[in-house]
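*Asks:* Structure provided below as structure tokens; questions to follow.
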Ligand SMILES: [Zn+2]
């Protein structure tokens, strides 16, 4: 089915589909970096001023990009009318699925969140999840207008011998799924193209285009929650890894005398840092079942059990970051998920962990922001945006 059929032939969508290939880098640049002068834009995409004018004229005429009010060019001081992409003409749906909840956002083309929602999953059977996601999407899009593409992300222990986006059939241990054609089922339900991504990879796209890693060509991201995820970007490009390789990252041995993870390893990263590992260790000491935010709160308040557990999780994360920096030589590592919150509470222990693996620990910049699942859903929307404007999966 074509996109325009499902959206009643909205002209801006048709205009997007007819953009000539040489103009895509211009649009991509405007989407990622916002309004800019023709001079700056021509330099960034490697075009002459004349070529840029020739390529952008039809885009302005079709309403995909617009000229702003006159400003003075920072490069040559001349008056100029900066170009900007018309971001609000398109809507994208992003959904992050966890073992028990769905988090959904609708964004515009520049990943600004326009609407969001979340819900407990009513069941884990693929047909139940797809039907529920369809209802969530219908309600959100009724408020925002129809979306042109959707991104779905899975994390935790979703596994596959291939990458999630290179396989039609997805396994997920935490959802109890085996060989589920997620992309086809959700795409058919929503009636728009759908991409399925690893959740940390999608979050990395979001940081690369619209967040902390914008303008940083080499960076890594470590996501810690139900599982441990990892993504690496070198020279602005994602280093493509299979889900199996990502699983190895989360089970690297940090201390052969450490606790045992659910896969039976002693002292692997997952045995210290996952949400389950932190809750299990804190629960044993407290003799009850605390929530993750409560463990963090108690640790900050000086509770000896929770402080020790959080410090160990942060230390383990620091060692992982040290290993990443030593072997890839990236100097920027983003920490995401609940583990990022632990790292902020026990920053000194995070740094001690890095220093365990790396003499020059201060040369690595570690960035973390408070963990919100809506940010992960936004990452899923960014995967859809990226796929839409680059024509990739
Ligand atoms: Zn393990």
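In the working numbering, the protein residues as written are 1 to 393. For each residue, glycine too, the CB sits at the ideal point set by N, CA and C. All figures in this text were calculated on a predicted structure; none of them were measured in a lab.
Is any heavy atom of ligand 1 found at a distance shorter than 7 angstroms from the C-beta of residue 281?
*Replies:* Position 281 of the chain shown holds residue 281. For ligand 1, not one heavy atom lies less than 7 angstroms from the Cβ of residue 281.
*Asks:* If we ignore side chains and look at the alpha-carbon of each, how far apart do residue 1 and residue 19 end up?
*Replies:* Residue numbering aside, residue 1 sits at position 1 when the chain shown is read from its first letter. Residue numbering aside, residue 19 sits at position 19 when the chain shown is read from its first letter. Note that residue 1 scores 33 on pLDDT, short of 50, meaning its location in the model is unreliable; the coordinates nonetheless yield the value given after this. Roughly 20 angstroms separates the two Cα atoms.
*Asks:* As a quick exercise: from 374, 108, 180 and 179, pick the residue whose alpha carbon is nearest that of residue 145.
*Replies:* Translated into the one-based positions of the chain shown, residue 145 becomes position 145. Per the Cα distances, 108.
*Asks:* On a Cα-Cα basis, can you pick out the residue from 356, 360, 337 and 343 that is closest to residue 375?
*Replies:* For this step, residue 375 is matched to residue 375 along the chain shown. Nearest option by C-alpha distance: 337.
*Asks:* What's the gap between the Cα of residue 244 and the Cα of residue 54?
*Replies:* Along the chain shown, read from residue 1 onward, the residue named residue 244 stands at position 244. Along the chain shown, read from residue 1 onward, the residue named residue 54 stands at position 54. Taking the straight line from one Cα to the other gives about 46 angstroms.
*Asks:* Which residue's Cα is closest to the Cα of residue 186: 142, 232, 138 and 363?
*Replies:* As a position in the chain shown, residue 186 is number 186, starting the count at 1. Comparing Cα-Cα distances from residue 186 to each of 142, 232, 138 and 363, the minimum goes to 138.
*Asks:* Rounded to whole angstroms, what's the CA-CA distance from residue 191 to residue 143? Just pull it up for me.
*Replies:* Start at 1 with the first residue of the chain shown, and residue 191 comes out as number 191. Start at 1 with the first residue of the chain shown, and residue 143 comes out as number 143. Each residue's Cα considered, the two are about 17 angstroms apart.
*Asks:* Taking only runs that begin and end inside the stretch 289-373, name each unbroken beta strand (DSSP E) of 3 or more residues, in chain order.
*Replies:* Counting whole runs of 3 or more residues, the stretch 289-373 contains the beta strand (DSSP E) stretches 332-337 and 365-368.
*Asks:* Indicate the three-state DSSP secondary structure (helix, strand or coil) for residue 67 in the structure shown.
*Replies:* For this step, residue 67 is matched to residue 67 along the chain shown. Here residue 67 sits in strand by DSSP.
*Asks:* Could you give the first and the last residue of the continuous alpha helix (DSSP H) run that contains residue 54?
*Replies:* Sequence index remark: in the chain shown, residue 54 carries index 54 (1-based). Per DSSP, residue 54 belongs to the alpha helix (DSSP H) from 49-61.
*Asks:* Give a yes or no on contact between the stretch 124-138 and the stretch 169-182, applying the rule of three or more CB pairs nearer than 8 angstroms.
*Replies:* Because the criterion of three Cβ pairs below 8 angstroms is met, the stretch 124-138 and the stretch 169-182 touch.
*Asks:* Is residue 174 helix, strand or coil when you go by DSSP?
*Replies:* Position 174 of the chain shown, counted from the first residue, corresponds to residue 174. In the structure shown, residue 174 sits in coil (DSSP, three-state: anything other than H, G, I, E or B).
*Asks:* Alpha carbon to alpha carbon, how far is residue 94 from residue 344? Give it in angstroms, no decimals.
*Replies:* Within the chain shown, residue 344 is the residue found at index 344, counting from 1. Within the chain shown, residue 94 is the residue found at index 94, counting from 1. Distance between the alpha carbons of residue 344 and residue 94 is about 27 angstroms.
*Asks:* What did DSSP end up calling residue 234 once you bin it into helix, strand or coil?
*Replies:* For the purposes of this step, residue 234 is taken as residue 234 along the chain shown, with counting starting at 1. Three-state DSSP puts residue 234 in a strand.
*Asks:* Would you check whether ligand 1 has a heavy atom nearer than 7 angstroms to the C-beta of residue 263?
*Replies:* The residue you call residue 263 lines up with position 263 of the chain shown. Under cutoff, so the answer is yes.
*Asks:* Evaluate residue 386 with the Cβ neighbour count: other Cβ atoms within 10 Å of its Cβ, from every protein chain shown; 16 or more gives buried, anything less gives exposed.
*Replies:* Translated into the one-based positions of the chain shown, residue 386 becomes position 386. Looking at its Cβ environment, which holds 16 or more other Cβ atoms inside 10 Å, residue 386 is buried.
*Asks:* Report yes if the C-beta distance between residue 324 and residue 282 is below 8 angstroms; otherwise report no.
*Replies:* Counting from 1 along the chain shown, the entry for residue 324 is found at position 324. Counting from 1 along the chain shown, the entry for residue 282 is found at position 282. No. Outside cutoff.
*Asks:* Are the beta-carbon atoms belonging to residue 101 and residue 119 less than 8 angstroms from one another?
*Replies:* Within the chain shown, residue 101 is the residue found at index 101, counting from 1. Within the chain shown, residue 119 is the residue found at index 119, counting from 1. Yes, Cβ-Cβ distance for residue 101 and residue 119 is below 8 angstroms.
*Asks:* Looking at residue 22: is its Cβ nearer than 8 angstroms to the Cβ of residue 82?
*Replies:* The sequence position of residue 22 within the chain shown is 22, counting from 1. The sequence position of residue 82 within the chain shown is 82, counting from 1. In this structure, residue 82 does not lie closer than 8 angstroms to residue 22 by Cβ.
*Asks:* Rank 368, 131, 96 and 255 by C-alpha distance to the C-alpha of residue 150 and give the top, closest one.
*Replies:* Taking the first residue of the chain shown as position 1, residue 150 is located at position 150. The shortest C-alpha separation from residue 150 is found at 96.
*Asks:* Quick one: Cα of residue 388 to Cα of residue 17, how far?
*Replies:* Stepping through the chain shown from its first residue, residue 388 is reached at position 388. Stepping through the chain shown from its first residue, residue 17 is reached at position 17. Taking the straight line joining both Cα atoms gives about 9 angstroms.
*Asks:* Report yes if the C-beta distance between residue 269 and residue 204 is below 8 angstroms; otherwise report no.
*Replies:* What you label residue 269 is simply residue 269 of the chain shown in a count that begins at 1. What you label residue 204 is simply residue 204 of the chain shown in a count that begins at 1. No, the pair does not count as a contact, with Cβ atoms beyond the cut-off.
*Asks:* Does the beta carbon of residue 291 fall short of 7 angstroms from some heavy atom of ligand 1?
*Replies:* Along the chain shown, read from residue 1 onward, the residue named residue 291 stands at position 291. Every heavy atom of ligand 1 is 7 angstroms or more from the Cβ of residue 291, so no.
*Asks:* What span of residues does the alpha helix (DSSP H) with residue 90 cover, start to end?
*Replies:* Sequence index remark: in the chain shown, residue 90 carries index 90 (1-based). From DSSP, residue 90 is part of no alpha helix (DSSP H); its letter is neither H nor E.
*Asks:* From which residue to which residue does the alpha helix (DSSP H) around residue 131 run?
*Replies:* The residue labelled residue 131 in the question sits at position 131 within the chain shown. Unbroken alpha helix (DSSP H) run through residue 131: 126-144.
*Asks:* Can you tell me which of the three DSSP states residue 80 falls into?
*Replies:* Along the chain shown, read from residue 1 onward, the residue named residue 80 stands at position 80. In the structure shown, residue 80 sits in a strand (DSSP, three-state: E or B).
*Asks:* Mark residue 52 as exposed unless 16 or more other C-beta atoms lie within 10 angstroms of its C-beta, in which case mark it buried.
*Replies:* Position 52 of the chain shown holds residue 52. The residue is buried, with at least 16 neighbouring Cβ atoms inside 10 Å.
*Asks:* Less than 7 angstroms between the CB of residue 371 and some heavy atom of ligand 1, yes or no?
*Replies:* Locating residue 371 in the chain shown gives position 371, counting from the first residue. Flag unset: Cβ of residue 371 not near ligand 1.
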